[in-house]
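Engineer: Got a structure for you, written out below as structure tokens; questions coming shortly.
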Amino acid sequence: MLIKLSGGTVYDPANGINGEARDIFIRDGRIVKPGDNERVDQEYPLKGYVVMAGAIDPHTHIGGGKVTIGRMMLTEDHIGQEVARGELTRAGCGHAVPSTLTAGYRYAEMGYTACFEPAMLPANARQAHMEMGDTPMVDKGAFVMLGSDDFLLRAMTQKKGSEFINDYIGWTMHAAQALAVKVVNPGGISAFKFNQRKLDLDEKHVHYELTPRDILITLARGLREIGVTHPLHVHGCNLGVPGNDETTLATIRAMEGLPVHLTHVQFHSYGTEGDMKFSSGAPRVAELVNKNKNVSMDVGQIMFGQTCTASGDSMRQYGNTKSAYPKKWVVMDIECDAGCGVVPMKYKDKSFVNALQWAIGLELFMMVDDPWRLFLTTDHPNGGPFTTYPHLIRLLMDRGFRNDMLQKIHPGAQAATILGSLKREYSLYEIAIMTRAGPAKSLGLKDRGHLGVGASADITVYDDVADREAMFQKPGLVFKNGELIVKNGVIVKVVQGATHVARPEYDRAIEKPLREYFDRYHTVRMDNLRVGDHEIIQSDKGSIIQQPTRARVRAA
Amino acid sequence: MTTTTTGSPPPATARPSGLSTGGASGVHENVACPFCGILCDDLEIGRTASGLKIRKNGCDRAVAGFERPVVASSPQVAGREVSLAEAVTEAARLVRAARLPLFGGLGTDVEGMRAVMSAAEHAGGVVDHAFSEGQYRNFEVLQTAGWFMSTLTETRNRADLIVIVGSDIHKLHPRFFERIVATPEPMFLMAGKKRTVVFIGAGLDTSAATGGHIGEVISLPCPTAAVGEVVSALRARLKGVPLAAKEIAGIAIANIDDLADRCRKADYGVMVWAPPSLAFPAADLTVRIVSDLVKDLNLTTRFAGLSLGGNEGAVSAGAVSTWQSGFPLRVSYASGKPDYDPVRFAADRLIARRETDLVLWVASFTPDLMPPESDIPTVLLGVPGMTLAVQPAVYIPVGTPGADHAGRLIRCDNVVSLPLTNLGRSTLPSVATVLAAIEHAL
Ligand SMILES: [Zn+2]
């Protein structure tokens, strides 16, 4: 069956197409170039409509234990947000920490076709995949967390060498069915278990005598050597602490040109100027990001209203518990592996700090030049739920609207931000880079995020209306693998979506010390930690897409 | 539907040949045991002519669960043997006709629970687990104040002080002390440091708190229902509040002060409780006071809670219900939307008040998970050998995850989940299969 999307205005940055009227043909779930006389079976006339690849969220907490703790803890947030079972769709609930099923539907209704869970602990990987398995409509994948796990820290202290550590990174990615690797407060989650309350970039972990810098370099280099496309995904030290703009600058310099992705940089761009000892570090951070082409980032924009923060960073989340709203929170030490902290938060536009956080995020969007290295996120649900993305897009594309909003926030924060003077307005082409082409390229999704021949036919069609919030809220058509799944913002077909993984080469000899370690210290056997393909394919009724990795580079 | 690539050198599923498949020797290694909430996964299980035989690392519960002979059993409608298809059709008819069907028991694995949620939604029913009352002692605290928690491996390797609060853990989890407390080689207890174990509560079995790195074992024997009072006094003393009483629930203040001192000096203390053991009124307040004590202690040192329990798949039921509906059980789908009310939709209450007119009871782990006695028509998806006081309208024998078929369960700490092996004990269908068939026929 040949489907033709005719005459839409296409934004496909990966192929350099910037708002040109084009025909797109779909067959068997892929974008194709048909033969001259081939009969079109179905045609969608799209003249005047905006056509982009399906959107990709490269950092959204959609699955895993801490998200379910948030769901369980914030039942009051679900009240009034309950969703009834429909003809095609299951029941659930929405808002800050939506149920798995509802999250999948909402993403698709907004034109998203892939979402990536950025903080999967090896110890919790199986549950993270189960929850993603219950998130329909979109493709998914996860970044496995390393950097406070005792196996790695012991290996580093014992100077086991990069080949050993690289084998361990590779093994963990396979075992956890991961697409990439994330480090959260490098070494800090472990240090907190030894009662350290902060760990700066060059501060030593009391037990292992390693610094976050050592851990960052080890992991970033390791990923480059084993050929994983997505660079080390870094949630740095000192999240949320005024003065952490210095830490962020130092972290960028510490990477010595190694590829790195800095996540939710808004939470890491705080200065200490002014009466409140809280100021924007966004201009300095943006300037250094602009100069260092090895760095990509996502913003973690905060949006006003009730939400729930959920992070692997037990140390810093414990520090943030004093701001919890409502006043309840969960922090955990986990399995000699990692930790987590779940702290509900209500960001208020009349609070100086929250209002300035909002402005800092937008300053970053305005001042980081290259949209190929900057991805649109709220770090769902940490900065706000992903359902606020259309509003955020309007803030980026419409200066008048942005300045109107700026007028509403705490006057002290208005005075403390240069946002009002920043004239940038994002184009649709740039939005398409930030929400499609950029994330796909960074994550190494070879046939996603673009509309070239051979790409998976994940396509979103929008009404080209001046109110960009309304436009991105409710796309006219969404195709997933060539099937129409959403029409006028309503789900017309439920699909499961695949799980993307990367499987770098590693030497199985690593299993000998690993098995010994698990038998000696853990309560789970090494073989039972692994998440099997059959679990995703049979038990979760999903499928696995293995993305390519580069050949491994070994030490001479 | 999409390109499915598996394999690559070596596939993530690869298991050393001959281990979990049972191989030529017929012995399965690294088997996870689904018969209590701590899910030990180091069992070795072989076969005999009559069934399974645990070769290594079995406890009483594991022996009872794995070695239980599977009696020949057929689906029944009103006591009459029928085919599986007929039983499914009749079950679907009853569910369809019911005004408010209750999906109760819920002793099943993640896949079974997914099927329960789907069917309950479809049928406009209520979901609740048989052990919710215990779990709600925790949920109430999580939902009102939150807490600071640890997990089994973290506690095993790090704790220098373990305080057991009013819970007879050895009965619920026979290998907890062996695997978590009396470990020979904790990763972070070095330089001759010993682990102190404190029991608060009378009549607790302390016999397994011995060996390994255990140093002192201290008992503070108060009545179980008064453990909250003792912990409360401990919390007050830690804050420096003077207490007029000489003793609290039979425990001398001097002993409480001694424990306060140990808490203060601990590098990593863990307060352990098993919600099912705290079977007295308003036990959630005891969990609350323990959690608040842990929060206080974290201002200066490191402390965490560790909640056990979670037998009969209770943790998995709570988790799946939460991620799919937003609510931890006691959810009704009568309106089509998830309607959450932990009082109104408690299974016991719905049965006692006859607000449900059909009980679909799931018990796939042990024959002990019986529905509350009533004459409300019952569809029983149970292990062979269950005898109800009132004959169920429909009975469908089901297999046990981890013995008769594969599956997955979430552990008591709500972090780790384990794969359950198909040991080929019988060919009985899984709860997920049977419920999917019933839902299909709705
Ligand atoms: Zn995040």
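Line by line, the protein sequences give chains A and B. The numbering used here runs 986 ahead of the 1-based position in the first sequence. The numbering used here runs 26 ahead of the 1-based position in the second sequence. From the three backbone atoms N, C-alpha and C, an ideal C-beta is built for every residue, glycine too. The structure displayed is predicted, hence computed values, not measured ones.
1) Out of curiosity, what's the CA-to-CA distance linking Ser992/A and Ile1012/A?
2) Residues in the segment 1067-1090 of chain A with C-beta within 7 Å of chain B's C-beta atoms, listed in sequence order?
3) Would you list the residues sitting across from Val1476/A in a DSSP beta bridge?
4) Using only alpha-carbon positions, find the residue among Pro1084/A, Val1083/A, Gly1097/A and Leu988/A that is nearest to Val1472/A.
5) Name, please, each residue of chain A whose Cβ falls closer than 7 Å to the Cβ of Glu180/B.
6) Of the choices His1396/A, Asp1355/A, Val1329/A and Pro1357/A, whose alpha-carbon is the least far from that of Gly1370/A?
7) Cβ-heavy atom distance between Ser1255/A and ligand 1 below 7 Å?
8) Using three-state DSSP, classify His431/B as helix, strand or coil.
9) Say whether the segment 171-179 of chain B touches the segment 332-339 of chain B, bearing in mind that this needs 3 or more beta-carbon pairs closer than 8 Å, one atom from each stretch.
10) Determine the direct distance from the alpha carbon of Leu1244/A to that of Ala1206/A, and round the result to whole angstroms.
11) For Asp1319/A, list the residues DSSP reports as bridge partners.
12) Can you list the residues of chain B that His1064/A reaches, using a CB-CB cut of under 9 Å?
13) Taking Cβ positions only, does Arg290/B come closer than 8 Å to chain A?
14) Relative to the C-alpha of Arg140/B, which residue among Asp322/B, Pro398/B and Gly344/B is closest?
15) Could you name the residues of the same chain whose beta carbon sits closer than 7 Å to that of Glu1068/A, not counting the 5 residues immediately before and after it, in chain order?
16) What does Gly1051/A reach in chain B if we use C-beta pairs closer than 7 Å?
17) DSSP three-state label for Val114/B, please.
18) Is there contact here, the segment 1054-1073 of chain A with the segment 1013-1023 of chain A, by at least three beta-carbon pairs under 8 Å?
19) Comparing the C-beta of Met1131/A with each C-beta of chain B, is any distance below 8 Å?
20) What's the gap between the Cα of Thr1054/A and the Cα of Asn1368/A?
21) What whole-angstrom Cβ distance do Leu395/B and Ala156/B have, given they're in contact under 8 Å?
22) For the segment 196-209 of chain B against the segment 350-360 of chain B, do three or more pairs of beta-carbon atoms, one drawn from each stretch, fall closer than 8 Å, so that the two count as touching?
23) Compare the C-beta of Lys928/A with all C-beta atoms of chain B and state if any pair is closer than 8 Å.
24) Report all residues from its chain with a CB closer than 6 Å to the CB of Ala117/B; omit the five preceding and five following residues, and keep chain order.
25) So what's Glu381/B in DSSP terms, helix, strand or just coil?
26) Helix or strand or just coil, what does DSSP make of Leu1342/A?
27) Rounded to whole angstroms, what's the CA-CA distance from Gly22/B to Phe202/B? Just pull it up for me.
28) Over the uninterrupted beta strand (DSSP E) stretch that includes Ile1530/A, give me the two end residues.
29) Pull out every residue of the segment 1512-1527 of chain A whose Cβ sits closer than 8 Å to any Cβ of chain B, in chain order.
30) Is the CB-CB distance between Asp86/B and Leu435/B below 8 Å?
31) With which residues is Ile422/B paired in a DSSP beta bridge?
32) Rounding to the nearest angstrom, what Cα-Cα distance links Pro1084/A and Arg1057/A in this structure?
33) Where does the unbroken beta strand (DSSP E) through Ile1003/A begin, and where does it stop?
34) List in chain order: all unbroken beta strand (DSSP E) runs of 3+ residues lying wholly within the segment 1165-1223 of chain A.
35) Trp1315/A touches chain B at which residues, Cβ-Cβ below 7 Å?
36) Can you tell me whether Asp1390/A is buried or exposed? The criterion is at least 16 other CB atoms within 10 Å of its CB, across all chains shown.
Structural biologist: Short version:
1) Taking the first sequence and counting its residues from 1, one reaches residue 992/A at position 6. Taking the first sequence and counting its residues from 1, one reaches residue 1012/A at position 26. Roughly 11 Å separates the two Cα atoms.
2) Close to chain B, meaning a Cβ-Cβ distance shorter than 7 Å, are the following residues of the segment 1067-1090 of chain A: Glu1068, Val1069, Ala1070, Arg1071, Arg1076, Ala1077, Gly1078, Cys1079, Ser1085, Thr1086 and Leu1087.
3) Here residue 1476/A corresponds to residue number 490 of the first sequence, with the count starting at 1. Answer by DSSP bridge pairing, in chain order: Lys1473/A.
4) Translated into positions along the first sequence, residue 1472/A becomes position 486. The alpha carbon of Val1472/A has as its nearest neighbour, out of Pro1084/A, Val1083/A, Gly1097/A and Leu988/A, the alpha carbon of Gly1097/A.
5) Within the second sequence, numbered from 1, the residue matching residue 180/B stands at position 154. Ordered by position in chain A, the residues that pass the 7 Å Cβ test against Glu180/B are Asp1319, Ile1320, Glu1321 and Cys1322.
6) As a working note, residue 1370/A is residue 384 in the first sequence. Closest by alpha carbon: Val1329/A.
7) Translated into positions along the first sequence, residue 1255/A becomes position 269. It does not: the Cβ of Ser1255/A is nowhere closer than 7 Å to a heavy atom of ligand 1.
8) As a working note, residue 431/B is residue 405 in the second sequence. Looking at His431/B - three-state DSSP - the assignment turns out to be strand.
9) Output reads yes: the segment 332-339 of chain B touches the segment 171-179 of chain B.
10) Taking the first sequence and counting its residues from 1, one reaches residue 1206/A at position 220. Taking the first sequence and counting its residues from 1, one reaches residue 1244/A at position 258. Rounded to whole angstroms, the separation of the alpha carbons of Leu1244/A and Ala1206/A is 7 Å.
11) As a first step, residue 1319/A is located in the first sequence; it is residue number 333 there, counting from the start. Asp1319/A is bridged by DSSP to Gly1325/A.
12) Against the first sequence, residue 1064/A aligns to sequence position 78. The answer, in chain order, is Ser351, Gly352, Phe353, Pro364 and Tyr366.
13) The residue given as residue 290/B occupies position 264 in the second sequence. Not flagged as an interface residue toward chain A: Arg290/B, since no C-beta distance is shorter than 8 Å.
14) For the purposes of this step, residue 140/B is taken as residue 114 along the second sequence, with counting starting at 1. Out of Asp322/B, Pro398/B and Gly344/B, Gly344/B has the C-alpha closest to the C-alpha of Arg140/B.
15) The residue labelled residue 1068/A in the question sits at position 82 within the first sequence. Beyond the five residues adjoining it in sequence on each side, Glu1068/A comes within less than 7 Å, by CB distance, of Cys1079 in the same chain, given in chain order.
16) Translated into the one-based positions of the first sequence, residue 1051/A becomes position 65. Per Cβ cutoff of 7 Å: Asn440 and Val441.
17) Along the second sequence, one-based indexing puts residue 114/B at 88. Three-state result, Val114/B: helix.
18) These segments do not touch.
19) As a first step, residue 1131/A is located in the first sequence; it is residue number 145 there, counting from the start. Not one chain B Cβ lies under 8 Å of Met1131/A.
20) Along the first sequence, one-based indexing puts residue 1054/A at 68. Along the first sequence, one-based indexing puts residue 1368/A at 382. Answer to the nearest angstrom: the Cα atoms are 14 Å apart.
21) Within the second sequence, residue 395/B is the residue found at index 369, counting from 1. Within the second sequence, residue 156/B is the residue found at index 130, counting from 1. Contact flag correct, Cβ pair sits at about 6 Å.
22) The segment 196-209 of chain B, when compared against the segment 350-360 of chain B, does not touch it at the 8 Å Cβ threshold.
23) What the structure shows of chain A is the stretch from 987 to 1542, and residue 928/A is not part of that stretch, so it cannot be assessed.
24) Against the second sequence, residue 117/B aligns to sequence position 91. Cβ neighbours of Ala117/B beyond the five flanking positions: Val405, Val420 and Ile464.
25) As a position in the second sequence, residue 381/B is number 355, starting the count at 1. Under the three-state reduction of DSSP, Glu381/B is assigned to coil, being neither helix nor strand.
26) In the first sequence, residue 1342/A corresponds to position 356, counting from 1. Leu1342/A falls in the helix class under three-state DSSP.
27) Absent from the structure is residue 22/B, since the part of chain B shown begins at 27 and ends at 468.
28) Walking along the first sequence from the start, residue 1530/A turns up at place 544. Where Ile1530/A is concerned, the enclosing beta strand (DSSP E) stretches over Ile1530 to Gln1533.
29) Residues of the segment 1512-1527 of chain A with a C-beta less than 8 Å from any C-beta of chain B: Asp1513, Asn1514, Arg1516, Val1517, Gly1518, Asp1519, His1520, Glu1521, Ile1523 and Ser1525, listed in chain order.
30) By 1-based counting over the second sequence, the position of residue 86/B is 60. By 1-based counting over the second sequence, the position of residue 435/B is 409. No.
31) Within the second sequence, numbered from 1, the residue matching residue 422/B stands at position 396. Under DSSP, Ile422/B shares a beta bridge with Leu407/B.
32) For the purposes of this step, residue 1084/A is identified with residue 98 of the first sequence, where counting begins at 1. For the purposes of this step, residue 1057/A is identified with residue 71 of the first sequence, where counting begins at 1. Between Pro1084/A and Arg1057/A, the alpha-carbon positions lie close to 7 Å from each other.
33) Counting from 1 along the first sequence, the entry for residue 1003/A is found at position 17. Ile1003/A -> beta strand (DSSP E) spans Ile1003 to Arg1013.
34) Whole beta strand (DSSP E) segments, 3+ residues: 1166-1170 and 1218-1221.
35) Along the first sequence, one-based indexing puts residue 1315/A at 329. Near Trp1315/A (Cβ distances below 7 Å), the residues of chain B are Gly172.
36) The residue given as residue 1390/A occupies position 404 in the first sequence. Looking at its Cβ environment, which holds fewer than 16 other Cβ atoms inside 10 Å, Asp1390/A is exposed.
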